[in-house]
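Protein chains in written order, with our numbering: chain A, 9 to 160; chain B, 9 to 160.
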DNA sequence: TATATTTGTATCGTGTGCGATATAATTGTA
DNA sequence: TACAATTATATCGCACACGATACAAATATA
């Protein structure tokens, strides 16, 4: 294990490929999301709401690893689109609950075919399923590590 | 190989971890870059210029996989900081050449210790060097694949 | 119970990313 | 040589991200 190599590796070859791969993947999503007039971050918010039902702003933040200064405006835009409603909690007046509207619930059907299209986008001999599985595993470990560092 | 599993995997577990890991990693860089008053994208521009010397706007775009609508304002901010100069090429009047100033060249020394600090940030038992190497490899394959799709 | 601290959400300002488009210079072609 | 297509760069508008900060509600503590 070469210390110099490790440093250069992390320096020039880990952060940038993460940055580039993230942008390129998001671009593919955005193309597919165009027809339902959603952005990728908006789609992420809906994904967690479809999965978990009603959540507080803070819970959405936790799931997406984003802060309220990003999530609040995002939720406002989704409320303008009438996909959800923001409602102050009665139990704790600080908490704002996010509730999907009928339109918001219904939208799930309209994006149901996106996973298929994404799979098609990725269909290629250059990256195997095993590699993707391994990639995903390591990414989650990395996220966990970085998330812990951040809270220190 | 389960087709359903693959779809769900790519759908919910590849794009989001890329997005989250990229943001979290960039945040660590930004903290370290604060003292030299650079952002992470600005640092990327300087990295390619330090490595390759004078480049055209288009060459910077190619290296960073960004378009001119992102890179041009980035270069303008770096020019305001007097780290580089933009100069129209004589050969081809469409081309703008980017030249590092003395200050821009000198800044390389000020960020020389960042790789060490990043390595420290990542020092953890949860992710091995082998995993990171494998991660990086797959990311570059993925970038290549996505880049090719984009040009189609 | 008063007050200090913490928590949940929001606001503000700056810097990206990027789709759409514009413009000028160059190249290709009839 | 005209004129169409391409190329390099820039502009504009919008939607994030995020650091810094504000503020009210809840909780902890003296």
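Where a beta carbon is used, it is the ideal one built from N, C-alpha and C, also for glycine.
Discussion item. Please list, in chain order, the chain B residues whose beta carbon lies closer than 7 Å to that of residue 25 (chain A).
Written reply: If you number the first chain from 1, residue 25 (chain A) lands on position 17. Residues of chain B with a Cβ closer than 7 Å to the Cβ of residue 25 (chain A) are, in chain order, 144, 147, 148 and 151.
Worksheet entry | Nearest-angstrom beta carbon gap, residue 109 (chain B) and residue 93 (chain B) [assumed within contact, 8 Å] | One-based indexing of the second chain puts residue 93 (chain B) at position 85. One-based indexing of the second chain puts residue 109 (chain B) at position 101. Contact holds; Cβ gap of about 6 Å.
Worksheet entry | Every unbroken alpha helix (DSSP H) within the segment 19-88 of chain B, with a cutoff of 4 residues, ordered by chain | For the segment 19-88 of chain B, whole alpha helix (DSSP H) runs of length 4 or above, ordered along the chain, are 23-41, 48-60, 65-72 and 76-88.
Item to complete: Anything in chain A within Cβ reach of residue 52 (chain B), meaning under 7 Å, just list it in chain order.
Response: Residue mapping note: residue 52 (chain B) aligns to position 44 of the second chain, counting from 1. Those are 24, listed as they occur along chain A.
Worksheet item: Does the separation of the CB atoms of residue 68 (chain A) and residue 126 (chain A) fall below 8 Å?
Response: Taking the first chain and counting its residues from 1, one reaches residue 68 (chain A) at position 60. Taking the first chain and counting its residues from 1, one reaches residue 126 (chain A) at position 118. With respect to the 8 Å criterion, residue 68 (chain A) and residue 126 (chain A) are not classified as neighbours on the basis of their beta carbons.
Discussion item. Given this structure, state the Cα-to-Cα distance separating residue 85 (chain B) from residue 99 (chain A), to the nearest angstrom.
Written reply: The sequence position of residue 85 (chain B) within the second chain is 77, counting from 1. The sequence position of residue 99 (chain A) within the first chain is 91, counting from 1. One C-alpha to the other measures close to 48 Å.
Discussion item. Whole angstroms are fine: how far does the CA of residue 145 (chain A) sit from the CA of residue 63 (chain B)?
Written reply: Sequence index remark: in the second chain, residue 63 (chain B) carries index 55 (1-based). Sequence index remark: in the first chain, residue 145 (chain A) carries index 137 (1-based). Linking residue 63 (chain B) to residue 145 (chain A) through their CA atoms gives a straight-line distance of about 37 Å.
Discussion item. Could you pull the DSSP bridge partners for residue 96 (chain B) from this structure?
Written reply: Start at 1 with the first residue of the second chain, and residue 96 (chain B) comes out as number 88. Checking the DSSP bridge columns, you'll see residue 96 (chain B) partnered with B:104.
Discussion item. For chain A, check one thing: does any of its Cβ atoms lie closer than 8 Å to the Cβ of residue 134 (chain B)?
Written reply: Within the second chain, residue 134 (chain B) is the residue found at index 126, counting from 1. True, the Cβ-Cβ gap to chain A drops below 8 Å.
Discussion item. Under 9 Å, CB to CB, which of the residues in the segment 31-48 of chain A have a partner in chain B?
Written reply: Listed by position along the chain: 31, 32, 33, 34, 35, 36, 37 and 48.
Discussion item. Classify residue 13 (chain B): buried if its beta carbon has 16 or more other beta carbons within 10 angstroms, exposed otherwise.
Written reply: Your numbering for residue 13 (chain B) matches position 5 in the second chain. Residue confidence for residue 13 (chain B) is low, a pLDDT of 41 falling below 50, so the modelled location carries little weight and cannot support an answer.
Item to complete: Please list, in chain order, all residues of the same chain as residue 16 (chain B) whose beta carbon is under 6 Å from its beta carbon, the five residues on each side excluded.
Response: By 1-based counting over the second chain, the position of residue 16 (chain B) is 8. Note that residue 16 (chain B) scores a pLDDT of 47, beneath 50, so its modelled location is shaky; the value from the coordinates is reported in the next line. Result list for residue 16 (chain B): empty, nothing under 6 Å.
Practice prompt. List the residues of chain A that residue 21 (chain B) touches, going by C-beta distances under 7 Å, in chain order.
Written response: Translated into the one-based positions of the second chain, residue 21 (chain B) becomes position 13. Going along chain A in sequence order, the residues near residue 21 (chain B) (Cβ under 7 Å) are 144.
Discussion item. Only counting the same chain, and skipping five residues up and downstream in sequence, which positions put a Cβ closer than 6 Å to that of residue 36 (chain A)?
Written reply: Here residue 36 (chain A) corresponds to residue number 28 of the first chain, with the count starting at 1. Taking residue 36 (chain A) as the centre and dropping the five residues before and after it, the same chain places the C-beta of 129 closer than 6 Å to its C-beta, in chain order.
Worksheet entry | CB contact check: residue 129 (chain B) to chain A, cutoff 8 Å | To locate residue 129 (chain B), count along the second chain from 1; it is residue 121. Taking Cβ atoms only, chain A reaches closer than 8 Å to residue 129 (chain B), which makes this a yes.
Practice prompt. Answer with buried or exposed for residue 78 (chain A), where buried requires no fewer than 16 other C-beta atoms within 10 angstroms of its C-beta.
Written response: Indexing the first chain from 1 puts residue 78 (chain A) at position 70. Counting Cβ neighbours within 10 Å, residue 78 (chain A) comes out exposed, since fewer than 16 surround it.
Item to complete: Could you list the residues in the segment 66-80 of chain A with a C-beta less than 7 Å from some C-beta on chain B, going in chain order?
Response: So the close ones are 73.
Item to complete: Going by CA-CA distance only, name the one from B:28, B:23 and B:61 that's closest to residue 112 (chain B).
Response: Here residue 112 (chain B) refers to the residue found at position 104 of the second chain. The option with the nearest alpha carbon to residue 112 (chain B) is B:61.
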